[in-house]
Amino acid sequence: MLNLLYKEFKVSIHPLFFLVAVLASALMLIPGWLYFIVLLYFAFISIPNIFAAYKTQNDLMFSLLLPVRRQEIVQARMNAIILLELAHILLTLIFTIIHHLLYNLPMYIFVEPNMAFFGLVFLMFGLMNFSFFPLYFKSAHKYGLAAVAINAVGVLFAAAVELLVLFNKTAHEIIHNTSGNYTQIHWFILAGGILMFVVLNWFAYKLSLKEFEKVDVS
Numbered sequence: 022m023l024n025l026l027y028k029e030f031k032v033s034i035h036p037l038f039f040l041v042a043v044l045a046s047a048l049m050l051i052p053g054w055l056y057f058i059v060l061l062y063f064a065f066i067s068i069p070n071i072f073a074a075y076k077t078q079n080d081l082m083f084s085l086l087l088p089v090r091r092q093e094i095v096q097a098r099m100n101a102i103i104l105l106e107l108a109h110i111l112l113t114l115i116f117t118i119i120h121h122l123l124y125n126l127p128m129y130i131f132v133e134p135n136m137a138f139f140g141l142v143f144l145m146f147g148l149m150n151f152s153f154f155p156l157y158f159k160s161a162h163k164y165g166l167a168a169v170a171i172n173a174v175g176v177l178f179a180a181a182v183e184l185l186v187l188f189n190k191t192a193h194e195i196i197h198n199t200s201g202n203y204t205q206i207h208w209f210i211l212a213g214g215i216l217m218f219v220v221l222n223w224f225a226y227k228l229s230l231k232e233f234e235k236v237d238v239s
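Numbering (the working numbering), first residue to last: 22 to 239.
Take a look at the structure:
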């Protein structure tokens with residue numbers, strides 16, 4: 022599986038997508054912005070272009086010609102995308118630290134970039150992957166419907182959170198207050214988000230493998 026993962030990054034996925042992650046993450050330096058959009062650029066730009074390249078290169082047939090199991094193909098492809106997502110999140114965290122060093126904003130209208138925000142980001146990516154991979158692996162070739170699904174889920178999740186924080190006083194206080202017990206709540210949201218990210222990706226893998234086993238490439 023490690024050799025297949027190496028193939029994903031050396032042959033299938035262009036290094037340019039790491040630059041996309043850097044440039045998108047730098048948008049965290051905009052004060053008082055809708056910061057979920059920074060992470061959603063992964064679904065807007067990277068996902069459709071990466072999977073268009075897979076299709077253009079006929080990567081599925083190439084992978085099936087290798088002496089590997091279908092299970093390993095699913096694992097490698099999912100792990101490659103998840104590693105890109107984690108790189109995007111890490112870069113966003115770095116620019117968030119710079120953001121807080123540069124600005125001392127007394128009030129954020131939208132969700133403030135803090136620990137709770139990153140917990141919600143992990144949850145969002147988990148839901149996006151759960152919506153994307155099982156649909157994609159129904160054919161492991163056609164990606165259009167899966168790309169629509171991942172973008173729809175991401176946008177709807179981000180919009181729901183932003184609107185909840187904007188119009189619900191309790192949610193607004195939990196997200197924006199960093200004193201006392203609220204810090205513990207933020208840690209809880211972060212831990213819960215990471216846990217859900219792992220769980221949702223595991224279920225996405227199981228469903229994807231089940232779908233891919235049915236694919237007839239003859």
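Heads up, the beta-carbon is just placed ideally off N, CA and C, and yes, glycines get one too.
Asked, Found
"Simplified DSSP assignment, three categories, for Thr-113", "helix"
"C-beta atoms of Met-217 and His-120 nearer than 8 Å", "no"
"Nonlocal neighbours in the same chain, by C-beta distance under 7 Å from Glu-232, ignoring five residues either side", "Pro-155, Phe-158, Lys-159"
"CB contact flag (Val-132, Val-176, <8 Å)", "no"
"Assigned exposure category for Ser-200 - 16 Cβ within 10 Å defines buried", "exposed"
"Ile-94 versus Pro-52 - alpha carbon distance", "41 Å"
"Reduced DSSP secondary structure (H/G/I, E/B, other) of Arg-90", "coil"
"7 Å Cβ shell around Val-174 - same chain, five flanking residues per side excluded", "Leu-148, Met-149, Ser-152"
"First and last residue of the uninterrupted alpha helix (DSSP H) at Pro-155", "136–157"
"C-alpha distance - Trp-223 paired with Ala-168, whole-angstrom precision", "19 Å"
"Cα-Cα separation, Thr-204 to Lys-28", "42 Å"
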